[in-house]
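Here the sequence shown stands for residues 277 to 689, where the numbers follow the working numbering.
We put the beta carbon where it would ideally sit given N, CA and C, even for glycine.
Since we're looking at a predicted model, the values are computed, not measured.
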Amino acid sequence: MADLHLGGWREDTLREIGIKTFEKAIDISIQENVDFILISGDLFDSSNPTIDVMAKAAKKLYELKVKGISVYVIEGSHDFSPTGRTILKVFEEAGLLKRVTSAEESEGRLLLKGTTDEKTKIRLYGISGIRGSLEKATYSVLDREDLEQKEGQKIFLFHSAIEELRPNNLYQMQSMPISLLPKGFMYYAGGHIHERGEFELGDYKNVVFPGALFPNNIDELLSFKGGGFYLVEDDGSGLKKSYIPIKIAPVIILEIDLEGTHTINVEEKIRLATDKKDLKNSIVIVKFKGNIEGNLSDINFKKINLYLENKGAVLVKRDTREIKTKQYKEIKNSSFTKEKLEEEVIIRHKDQIKIKECQIETVSFVKTFMNLLSREKKEGEKKDDYIKDILRESIDYLSKNNLLEDLNETTST
Ligand SMILES: [Mn+2]
Numbered sequence: 277m278a279d280l281h282l283g284g285w286r287e288d289t290l291r292e293i294g295i296k297t298f299e300k301a302i303d304i305s306i307q308e309n310v311d312f313i314l315i316s317g318d319l320f321d322s323s324n325p326t327i328d329v330m331a332k333a334a335k336k337l338y339e340l341k342v343k344g345i346s347v348y349v350i351e352g353s354h355d356f357s358p359t360g361r362t363i364l365k366v367f368e369e370a371g372l373l374k375r376v377t378s379a380e381e382s383e384g385r386l387l388l389k390g391t392t393d394e395k396t397k398i399r400l401y402g403i404s405g406i407r408g409s410l411e412k413a414t415y416s417v418l419d420r421e422d423l424e425q426k427e428g429q430k431i432f433l434f435h436s437a438i439e440e441l442r443p444n445n446l447y448q449m450q451s452m453p454i455s456l457l458p459k460g461f462m463y464y465a466g467g468h469i470h471e472r473g474e475f476e477l478g479d480y481k482n483v484v485f486p487g488a489l490f491p492n493n494i495d496e497l498l499s500f501k502g503g504g505f506y507l508v509e510d511d512g513s514g515l516k517k518s519y520i521p522i523k524i525a526p527v528i529i530l531e532i533d534l535e536g537t538h539t540i541n542v543e544e545k546i547r548l549a550t551d552k553k554d555l556k557n558s559i560v561i562v563k564f565k566g567n568i569e570g571n572l573s574d575i576n577f578k579k580i581n582l583y584l585e586n587k588g589a590v591l592v593k594r595d596t597r598e599i600k601t602k603q604y605k606e607i608k609n610s611s612f613t614k615e616k617l618e619e620e621v622i623i624r625h626k627d628q629i630k631i632k633e634c635q636i637e638t639v640s641f642v643k644t645f646m647n648l649l650s651r652e653k654k655e656g657e658k659k660d661d662y663i664k665d666i667l668r669e670s671i672d673y674l675s676k677n678n679l680l681e682d683l684n685e686t687t688s689t
């Protein structure tokens, strides 16, 4: 499985459904008596999730430990920490999971050490994902030949988009060619791409992206409606892969065409559209479109939500991006992602950043550093602790890259 993003979503209900989905996936894995579980990055939505989320995950991982089912993970772009301060480290120390990314450097090449699954004797190797696809740098020094020559059955875990296998709608996403992965492994467990896909490409057989275990944003809810994981069985004649979808709450999409409708009649339209629908236990997404008469702000969304909730919906979300009013000109869904915009701004200004003897490339330095500084305060976290934590992480990162002296010289704080 991959991209569980536990702790993601602002809405409590959706965050809960994400966690229940994980619990169900683990229950099924136990029932199926699997030898081990692979998690290809983004087990958590952040490297530092809330206590509640950590506790629920720990409880479930402990059940696996008791049953003797090992969990092998890599970090993803969300739960990776440039300073190594990630909850995955804590869980690993507690024996609840094992990272398969340990490596050593030799003459500028990166040698992955890997780990052996005791039950099956399968060797597991992996490379974590980093925000902004910065893991590409790791692949560029990876000693692939060393890995390819290793004996026995081998599995590779990765958290990156592969150029040749990237879904069409993600064509702007940063990606890398598949040739950066070592050839000839029995299974390539992929993460990062939230859309499910199974591939075979030359020497790369069984390349699998299980997709997000549960959708991570409204667009994913709209297009995938749910998620799941793969059960993979080796019966000696090759790998049998079956996709196991998990549905805790069905996603129902209500398309409401408001063309020519006045805002005062929107509620009536919703009533008519849902009259005979069973919304019990479902996540309802109301997708509006068309030109309306009047102001968008005159629509009583609160009342609409309440009505749908009374019909059984556990959560109502709305998508108003395709409503047009005379007052508002349509803003086309920009082709820029937030990350892309950030990167462009950094590239445009990078020459103004004077860091002497900087050992890493400026753009990746700025991106990582911004990432550290932009962590939001967690619920219940004291402001003082929050500030201290960010300072400590930042100083760690600077000193790791020999930049701390620069900082002392150029600032007085
Ligand atoms: Mn992800």
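Considering only L423, E411 and E424, the residue with the shortest C-alpha distance to P453 is E411. Taking C-beta atoms as the reference points, L441 and V483 count as a pair closer than 9 Å. For H538, the shortest separation between its Cβ and any heavy atom of ligand 1 does not lie below 8 Å. In this structure, K563 sits near E598, with a CB-CB distance shorter than 9 Å. In this structure, E669 lies near S357, with their beta-carbon atoms less than 9 Å apart. The three-state reading of DSSP puts F298 in helix, counting H, G and I together. S323 has its CB no nearer than 8 Å to any heavy atom of ligand 1. Residue side-chain check: S353 places its Cβ nearer than 8 Å to a non-hydrogen atom of ligand 1.
Within the same chain, I295 come within 7 Å of K332 by CB-CB distance, once the 5 residues on both sides are set aside. Assignment of E380 by DSSP, reduced to helix, strand and coil, places it in the strand class. Per the CB criterion, closer than 5 Å to any heavy atom of ligand 1, the qualifying residues run in chain order as D279 and D318. Fully contained in the stretch 498-583 are the following beta strand (DSSP E) runs of length 3 or more, in chain order: 503-510, 515-522, 527-533 and 559-567. Rounded to the nearest angstrom, the Cβ distance from G503 to A488 is 5 Å, consistent with a contact under 8 Å.
At least 9 Å separates the beta-carbon of G384 from that of S353. For the beta strand (DSSP E) assignment, the uninterrupted runs of no fewer than 3 residues enclosed by the stretch 317-378 are, from N- to C-terminal side, 346-350. Leaving aside the five residues that flank E299 on each side, the residues in its chain whose CB is nearer than 8 Å to its CB run, in chain order, K332 and K336.
Non-local C-beta neighbours of I671 in its own chain, meaning closer than 7 Å and more than five positions away in sequence, comprise L680, ordered along the chain.
For R399, the closest of Q425, Y415 and L418 by C-alpha to C-alpha distance is Q425. At the C-beta level, L498 and I561 come within 9 Å of one another. By the neighbour-count definition (other C-beta atoms within 10 Å, threshold 16), K643 is a buried residue. Of the residues assessed, H281 falls on the buried side of the cut-off, its CB having 16 or more other CB atoms within 10 angstroms.
By the Cβ neighbour-count rule, S675 is exposed, with fewer than 16 other Cβ atoms within 10 Å of its own.
In this chain, the beta strand (DSSP E) harbouring T596 covers L591 to K600. Around the beta-carbon of A370, fewer than 16 other beta-carbon atoms lie within 10 Å, marking it exposed.
Non-local beta-carbon contacts of V310 in its own chain, meaning distances under 8 Å to residues more than five positions away in sequence, involve I345 and L507 in chain order.
The beta-carbon separation of T377 and I350, rounded to 5 Å, stays under the 8 Å limit for a contact.
The beta carbons of S323 and R361 sit about 7 Å from each other, so the pair counts as a contact at 8 Å. Rounded to whole angstroms, the separation of the alpha carbons of N678 and K626 is 19 Å. Taken through DSSP and simplified to helix, strand or coil, N492 comes out as coil. Under the 10 Å beta carbon count, N492 is surrounded by 16 or more other beta carbons and is classified as buried.
Around G408, the same chain offers K643 as residues with beta carbons nearer than 6 Å, after the five sequence neighbours per side are excluded. Residue pairing by DSSP places G466 opposite F434 in a beta bridge. The Cβ atoms of A278 and F485 lie closer than 9 Å to each other.
For F461, no alpha helix (DSSP H) run applies, since DSSP gives it neither H nor E.
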